[in-house]
Amino acid sequence: MAGVNLLKGGNFFDANCIPICVMIAEHNEHVNHYHTHSFFEFVYIHRGFSAHYYNGITTLLTPGDVFGMRPGDIHGYTRPNRTILYNCLFDISALENEIDDLKALPGLRQIFNTEQPSAWQRINLGPIARKEAVGYLEKMRLERLSREKGWELKLKSLLIEFLILFSRASQYRYMDGKLGEYKYTEYIFRALGFIEENYPHSILVEDIAASVGLSADYFSRMFKQFIGVTPQEYIMNVRLAKATELLREADMTITQVAEKVGFEDPGYFSRQFKKILGITPSQYQKEN
């Protein structure tokens, strides 16, 4: 892909120090357009929304999303809307003594086993896991800034704890990690599958709830608790993410795109697109 920037570790890691860096950033515009790295990166979405391009796939990121990327993976944020995120960057040499154990963990083997094709997975953490993730990331960021005695050991141990949190969350996707909450995994997984399959059509919360065998009210509360947005908001996010792919890659009119992703009214589609992504569909199409 033309115009891809390579971000090198030397721009983020200090010489003669452990190559781990955690930053917090607010994005309200294109970020380096599309770029790749010479290091591993994990991203946690703290607030806001953003369309995200990764190796040919566009998704809409929401609060609580966390994902990892290998060196060489191409990605970029498209029209972030007041998005606050944490970037956790590290060179594999920081974990040279632990990498074999980490490769054996669910969710991490797909990232660290570079002999296999890259398989991106986005996980949405529940409320408790979100608090834990932010805690680890903030502590890592502050340890690197303070540089008190033992800071490199502390930084490394916090990174390992964060990676284990990611692994456990990937094993019980969209869950908090509390034992009593694992029973909801199947409900959430089936609901997300139903939405992915039916987003081009009219979807009511009652339809999703019925597909997993729950009442609409109970399902809505459970969905909001673990995904972080309401079912209606999630459906909107899916539709808009699919729309960005079509606007960028397909030779279609705005009306055709709107219909393709489940909007009966092109005007409503355009208003929602601009509300969440901060730009009209026609402007997005011209810029991409």
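Each residue of the sequence shown is one higher than the last, beginning at 75 in the working numbering.
Note that CB positions come from ideal geometry on N, CA and C, so glycine has one too.
In this text, all values refer to a predicted model and were calculated from it rather than measured experimentally.
Only counting runs of 3 or more residues, tell me where the beta strand (DSSP E) segments fall wholly within the stretch 203-241, in order along the chain.
Within the stretch 203-241, no complete beta strand (DSSP E) segment of 3 residues or longer occurs.
How long is the line joining the alpha carbons of residue 17 and residue 312, rounded to whole angstroms?
There is simply no residue 17 to check, as the chain begins at 75 and stops at 362 in what is shown.
Where does the unbroken alpha helix (DSSP H) through residue 176 begin, and where does it stop?
Its alpha helix (DSSP H) spans residues 173-177.
Skipping 5 residues on each side, what residues in its chain have a beta carbon closer than 8 Å to that of residue 250?
Because the pLDDT of residue 250 is 41, which lies under 50, any placement of that residue in the model is unreliable, and the question is left without a value.
Mapping the DSSP letters down to three states, classify residue 266 as helix, strand or coil.
helix
Is it buried or exposed for residue 280, if we count other Cβ within 10 angstroms and need 16 for buried?
exposed
For residue 124, which of helix, strand or coil comes out of DSSP?
strand
Return the chain-ordered ranges of every alpha helix (DSSP H) run that is complete within the stretch 284-312 and spans a minimum of 4 residues.
290-301
Kindly indicate the opening and closing residues of the beta strand (DSSP E) around residue 141.
139-143
Check this for me: beta carbons of residue 124 and residue 109, under 9 Å apart or not?
no
Counting along the chain, where does the beta strand (DSSP E) carrying residue 131 start and finish?
131-135 is the span of the beta strand (DSSP E), which, as asked, contains residue 131.
In or out: residue 85 buried (at least 16 other Cβ within 10 Å) or exposed?
exposed
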